[in-house]
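> Here it is, the structure in full.
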Amino acid sequence: MEKHQAEERVRKLRESLEYHSNRYYNMDSPEISDFEYDTMMRELRALEQEFPDLAAADSPTQKVGGMAKREAGVLIRHNVPMLSLQDVFSKEEVEGFVEEMQRQLENPEFVVEYKIDGLSMALRYENGELQTAVTRGDGINFGEDVTANAKVIPDVKRKLKEPVEYLEVRGEVYMKNEDFDRVNEMQELKGKKAFANPRNCAAGTLRQLDSKITKERGLSMFVFNIQEIRGMELETHTQGYEYLKRNKVPVIDGYRICKTKEEVWEAVCSIGESRGSLGYDIDGAVVKINSLADREKLGATSKVPRWAVAYKYPPEEKETTVLDIELSVGRTGRITPTAIFEPVRLCGTSVSRATLHNQDFIDELDIRIGDRILVYKSGEIIPKVRKVLKEKRPEGAAPYRLPETCPACGSKTQREKDTADLRCTSPNCPAQLERRIINFVGRDAMDIKGFGTVYVEELVRLGYLKDVADIYGLKEHREALIEQGIIGKEKNTDKLLEAIEKSKENEAFQLLTGFGIPNVGKAAAKAIMRKFQSIESLVQADAEALQDVNDIGEVSAKCILEFFGKEENRRILERLKGYGVNMQAKEQALGGKLEGMTFVITGTLPTLGRKEAAELIERQGGKVSGSVSKKTSVLLAGENAGSKLAKAQELGVKVIGEEELLSLLGEAQ
Numbered sequence: 012m013e014k015h016q017a018e019e020r021v022r023k024l025r026e027s028l029e030y031h032s033n034r035y036y037n038m039d040s041p042e043i044s045d046f047e048y049d050t051m052m053r054e055l056r057a058l059e060q061e062f063p064d065l066a067a068a069d070s071p072t073q074k075v076g077g078m079a080k081r082e083a084g085v086l087i088r089h090n091v092p093m094l095s096l097q098d099v100f101s102k103e104e105v106e107g108f109v110e111e112m113q114r115q116l117e118n119p120e121f122v123v124e125y126k127i128d129g130l131s132m133a134l135r136y137e138n139g140e141l142q143t144a145v146t147r148g149d150g151i152n153f154g155e156d157v158t159a160n161a162k163v164i165p166d167v168k169r170k171l172k173e174p175v176e177y178l179e180v181r182g183e184v185y186m187k188n189e190d191f192d193r194v195n196e197m198q199e200l201k202g203k204k205a206f207a208n209p210r211n212c213a214a215g216t217l218r219q220l221d222s223k224i225t226k227e228r229g230l231s232m233f234v235f236n237i238q239e240i241r242g243m244e245l246e247t248h249t250q251g252y253e254y255l256k257r258n259k260v261p262v263i264d265g266y267r268i269c270k271t272k273e274e275v276w277e278a279v280c281s282i283g284e285s286r287g288s289l290g291y292d293i294d295g296a297v298v299k300i301n302s303l304a305d306r307e308k309l310g311a312t313s314k315v316p317r318w319a320v321a322y323k324y325p326p327e328e329k330e331t332t333v334l335d336i337e338l339s340v341g342r343t344g345r346i347t348p349t350a351i352f353e354p355v356r357l358c359g360t361s362v363s364r365a366t367l368h369n370q371d372f373i374d375e376l377d378i379r380i381g382d383r384i385l386v387y388k389s390g391e392i393i394p395k396v397r398k399v400l401k402e403k404r405p406e407g408a409a410p411y412r413l414p415e416t417c418p419a420c421g422s423k424t425q426r427e428k429d430t431a432d433l434r435c436t437s438p439n440c441p442a443q444l445e446r447r448i449i450n451f452v453g454r455d456a457m458d459i460k461g462f463g464t465v466y467v468e469e470l471v472r473l474g475y476l477k478d479v480a481d482i483y484g485l486k487e488h489r490e491a492l493i494e495q496g497i498i499g500k501e502k503n504t505d506k507l508l509e510a511i512e513k514s515k516e517n518e519a520f521q522l523l524t525g526f527g528i529p530n531v532g533k534a535a536a537k538a539i540m541r542k543f544q545s546i547e548s549l550v551q552a553d554a555e556a557l558q559d560v561n562d563i564g565e566v567s568a569k570c571i572l573e574f575f576g577k578e579e580n581r582r583i584l585e586r587l588k589g590y591g592v593n594m595q596a597k598e599q600a601l602g603g604k605l606e607g608m609t610f611v612i613t614g615t616l617p618t619l620g621r622k623e624a625a626e627l628i629e630r631q632g633g634k635v636s637g638s639v640s641k642k643t644s645v646l647l648a649g650e651n652a653g654s655k656l657a658k659a660q661e662l663g664v665k666v667i668g669e670e671e672l673l674s675l676l677g678e679a680q
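Numbering-wise (this note's numbering), the sequence shown opens with residue 12 and increments by one.
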């Protein structure tokens, strides 16, 4: 690789790693798997070694992940750094570590133990009494005080039977699979979003401001190291474990003491084989020196101790059987196949479905009903099929073909030109109608509170809804709706009808978003309505006028023209107008300081939510975009701004905080 290519690749890797580190450590919302993150980190490390002049003190390879936050309490300075571990990914790397330790030390002993997938926390005891609990934070200087929450975790002992002058231990707060399933069931019952995996749930729970919520969710903790002890002499790590066990402090299960590289690797493999049988998630095995004196001798770098490594297993995959291939029809008529398989547990959740996208994807995998398949989670969140185990294919399993007729209405299907998509050709398909109405009443469109999917499906099935305009005629069927109990009794029915009436006053861009025109989402709809000011004016616009709008290109313009060119859609529009649905853009301040300016919002603002900040900006004529580019005028940045801040600084985009925004808005008003 040429030097200039290496410079560009290093820049991109650092930007991506900073972004994903922030998502994982600070937002508890990772977008990629540990394996994908580790692969990028290894590539960056290799490039910095190959081109030493590209190395930098602030590179992700030199820093401990994470930063201290204030959600759960005040910041506390670390007495002992809570460092990361050096990751390794192969047998050769594990054996290389063992051999290096054997070269530097005399007959070293190794302890091999589970690497729990959770959130690090340190506990400080004075004379046997728990004083403080602190998260990892930035790992070097500060962590968050989570003492109140730690005290409601059953595994955290408030008092030790054998007290010493001072003791600081480090452990991993995690969530057992059964507790995680219980919490997600409760989330569903309350109509809230389910957690993606136990690690995210544990991290969010530990940082709760209300310790009652922490207690009710049920966290667990294993201690994996004594950070500092005064008042007792310990020679080895395992002696420390024995002391902790005598004090009823839970330590890592099933650790092994090894002498040779063969014993170490066997222990690593044994832990890997046990992953599926544990009641909690692990993401690796830790190999560490047992002697505390040897650890002292070896010391640490600015990021990792030299006396331990973490072996990271490849992404978890499970074998299962395809029971069926289910078909669903989207609001545009697109037919999507989904594999239904025997449930397996992956990354802390039970999964039984994975999308198969289209016929080309099915053909490429050659997936058939009855096949044995390997499934995994992309980014440890989205279930996907890795491959078909063709050697285990049952006799008589036939190739799968998507149907020539729509599974919802029986109309002919057609493959869209130049794509792999198969669509229903009927404009009256009930499945499409349901999806269109669900989109129309949804939060980003007309935002009709309480109009759930179940109600939509039932109202379509019974013939009350044949298009989106029929929503506003439901009040004419009030008595019948109450009698049939479709929405519930009188109170619930009236509540929904009131919400429908109120939605008539919505912004015109919400109505435009609700139409579900391809390539016209909420942001594009706002830009369009700023230009045309009314739906009626928009209907009369030609392709050239549409493309004068920022973010509207040739494809989007064509979609808009096709939508309003259909007689059926024009009739719906007239009926909506007749029902009194607002089609005029609300007046916006013109000529103010935000006129013509494009903002991007990132991070957590002190008092404003992102939606609230966006509305304030737009009311003063500004535009809010989702990504930073050369066209961005201002980046509004809060805490944990991440990669958007780095991109803005790189492009020379002005960066302001909430206080500056409010000051600017005050002047504009």
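Cβ coordinates follow ideal geometry from the N, Cα and C atoms, glycine included.
Predicted, not measured: the structure shown is a model, and the values here were computed from it.
According to DSSP, what are the bridge partners of residue 356?
Stepping through the sequence shown from its first residue, residue 356 is reached at position 345. Answer is 361, bridged to residue 356.
> Only counting the same chain, and skipping five residues up and downstream in sequence, which positions put a Cβ closer than 6 Å to that of residue 261?
On the sequence shown, position 250 is the one that residue 261 refers to. 166 and 233, listed in sequence order.
> Going by other Cβ atoms of all chains shown within 10 Å of its Cβ, with 16 needed for buried, is residue 85 buried or exposed?
Counting from one through the sequence shown, the residue named residue 85 turns up at place 74. Exposed is the call here.
> Looking at the unbroken beta strand (DSSP E) that takes in residue 388, where does it start and where does it end?
Here residue 388 refers to the residue found at position 377 when the sequence shown is read from its first residue. Element bounds for residue 388: 383-389.
> Rounded to whole angstroms, what is the Cα-Cα separation between residue 300 and residue 386?
To locate residue 300, count along the sequence shown from 1; it is residue 289. To locate residue 386, count along the sequence shown from 1; it is residue 375. Spanning the alpha carbons of residue 300 and residue 386 requires a straight line of approximately 36 Å.
> Name the residue from 54, 419 and 279 whose alpha carbon lies nearest to the alpha carbon of residue 344.
Here residue 344 is taken as the residue at index 333 of the sequence shown, counted from 1. Closest by alpha carbon: 419.
> Does DSSP put residue 667 in a helix, a strand or coil?
What you label residue 667 is simply residue 656 of the sequence shown in a count that begins at 1. In this structure, residue 667 counts as strand in the three-state DSSP scheme.
> If you follow the alpha helix (DSSP H) that residue 73 is part of, which residue opens it and which one closes it?
Numbered from its first residue, the sequence shown carries residue 73 at position 62. Counting along the chain, residue 73 falls outside any alpha helix (DSSP H), and DSSP gives it neither H nor E.
> Can you find the residues in the same chain that come closer than 6 Å, C-beta to C-beta, to residue 48, ignoring five residues on each side of it along the sequence?
Taking the sequence shown and counting its residues from 1, the one referred to as residue 48 is at position 37. Here the set comprises 31.
> In whole angstroms, what is the alpha-carbon distance linking residue 111 and residue 316?
Translated into the one-based positions of the sequence shown, residue 111 becomes position 100. Translated into the one-based positions of the sequence shown, residue 316 becomes position 305. Distance between the alpha carbons of residue 111 and residue 316: 14 Å.
> Considering only C-alpha positions, which residue in the set 169, 238 and 263 is nearest to residue 178?
Along the sequence shown, one-based indexing puts residue 178 at 167. When each option's Cα is compared against that of residue 178, the closest is 238.
> Let me check one thing: in DSSP terms, what residues is residue 269 bridge-paired to?
In the sequence shown, counting from the first residue as 1, residue 269 sits at position 258. 121.
> Residue 462 and residue 507: beta carbons closer than 8 Å?
For this step, residue 462 is matched to residue 451 along the sequence shown. For this step, residue 507 is matched to residue 496 along the sequence shown. Yes, these two residues count as a Cβ contact at 8 Å.
> Could you tell me if residue 183 is buried or exposed, where buried requires 16 or more neighbouring beta carbons within 10 angstroms of its beta carbon?
For the purposes of this step, residue 183 is identified with residue 172 of the sequence shown, where counting begins at 1. Result: buried.
> Among the residues of its own chain, which have a CB less than 7 Å from the CB of residue 586, if the five just before and after it don't count?
Locating residue 586 in the sequence shown gives position 575, where the first residue counts as 1. These residues qualify, in order along the chain: 480.
> Please name the residue or residues paired with residue 6 in a DSSP beta bridge.
No information on residue 6 is available, as it lies outside the stretch 12 to 680 that the chain covers here.
> Using 8 Å as the cut-off, can you tell me whether the region 324-341 makes contact with the region 350-362, which would need three or more C-beta pairs spanning the two stretches below that distance?
yes
> If we ignore side chains and look at the alpha-carbon of each, how far apart do residue 138 and residue 92 end up?
Taking the sequence shown and counting its residues from 1, the one referred to as residue 138 is at position 127. Taking the sequence shown and counting its residues from 1, the one referred to as residue 92 is at position 81. So the alpha carbons of these two residues sit roughly 22 Å apart.
> Can you check whether the CB of residue 319 is closer than 8 Å to the CB of residue 297?
For the purposes of this step, residue 297 is taken as the residue at position 286 of the sequence shown. For the purposes of this step, residue 319 is taken as the residue at position 308 of the sequence shown. Yes; because the gap between Cβ atoms is below 8 Å, this pair is in contact.
> Who does residue 342 pair with in a DSSP beta bridge?
Taking the sequence shown and counting its residues from 1, the one referred to as residue 342 is at position 331. Bridge partners of residue 342: none, in fact.
> Who are the Cβ neighbours of residue 195 in its own chain at under 7 Å, not counting the five residues just before and after it?
The residue given as residue 195 occupies position 184 in the sequence shown. Same-chain partners within the cutoff: 205 and 206.
> Would DSSP call residue 640 helix, strand or coil?
Within the sequence shown, numbered from 1, the residue matching residue 640 stands at position 629. Three-state DSSP puts residue 640 in coil, outside helix and strand.
> Are three or more beta carbon pairs between the region 602-621 and the region 578-594 nearer than 8 Å?
no
> How is residue 410 classed by DSSP in three states: helix, strand or coil?
Position 399 of the sequence shown, counted from the first residue, corresponds to residue 410. If DSSP states are grouped into helix, strand and coil, residue 410 belongs with coil.
> Check whether the Cβ atoms of residue 596 and residue 630 lie closer than 8 Å to each other.
Stepping through the sequence shown from its first residue, residue 596 is reached at position 585. Stepping through the sequence shown from its first residue, residue 630 is reached at position 619. Taking 8 Å as the Cβ cut-off, residue 596 and residue 630 do not qualify as a contacting pair.
> DSSP on residue 169, reduced to helix/strand/coil?
Reading the sequence shown from its first residue, position 158 is the one you call residue 169. If DSSP states are grouped into helix, strand and coil, residue 169 belongs with coil.
> Assuming residue 222 and residue 160 make a contact with CB atoms under 8 Å, what is their CB distance in whole Å?
Start at 1 with the first residue of the sequence shown, and residue 222 comes out as number 211. Start at 1 with the first residue of the sequence shown, and residue 160 comes out as number 149. The C-beta separation of residue 222 from residue 160 comes to about 5 Å, placing the pair in contact by the 8 Å criterion.
> Can you tell me where the alpha helix (DSSP H) with residue 197 in it begins and where it stops?
Counted from its first residue, the sequence shown places residue 197 at position 186. Looking at the DSSP string, the run of the alpha helix (DSSP H) that includes residue 197 is 188-200.
> How is the beta strand (DSSP E) around residue 212 delimited, first residue to last?
For the purposes of this step, residue 212 is taken as residue 201 along the sequence shown, with counting starting at 1. Run containing residue 212: none in the beta strand (DSSP E); it sits in the alpha helix (DSSP H), 209-217.
> Shortest alpha-carbon distance to residue 65 belongs to which of 51, 105, 14 and 109?
Here residue 65 refers to the residue found at position 54 of the sequence shown. Answer by Cα proximity: 14.
> Please list, in chain order, all residues of the same chain as residue 442 whose beta carbon is under 6 Å from its beta carbon, the five residues on each side excluded.
Looking up residue 442 in the sequence shown gives position 431. Within the same chain, residue 442 has close Cβ partners 340 and 419.
> Return the chain-ordered ranges of every alpha helix (DSSP H) run that is complete within the region 478-508 and spans a minimum of 4 residues.
489-495
> Buried or exposed, going by whether 16 or more other CB atoms sit within 10 Å of the CB of residue 514?
Numbered from 1 along the sequence shown, position 503 holds the residue referred to as residue 514. Residue 514 comes out buried.
> Alpha carbon to alpha carbon, how far is residue 171 from residue 80? Give it in angstroms, no decimals.
For the purposes of this step, residue 80 is identified with residue 69 of the sequence shown, where counting begins at 1. For the purposes of this step, residue 171 is identified with residue 160 of the sequence shown, where counting begins at 1. Caution applies to residue 80, whose pLDDT of 44 falls short of 50 and renders its modelled position unreliable; the value that the coordinates give is listed next. Straight-line Cα distance between these residues: approximately 30 Å.
> Once you ignore the five residues that flank residue 593 on each side, which residues in its own chain have a CB closer than 8 Å to its CB?
On the sequence shown, position 582 is the one that residue 593 refers to. Taken in chain order, the residues that qualify are 515, 516, 517, 518, 519 and 522.
> On the criterion of 16 or more Cβ atoms from any shown chain inside 10 Å, does residue 224 qualify as buried, or is it exposed?
Along the sequence shown, read from residue 1 onward, the residue named residue 224 stands at position 213. It counts as exposed.
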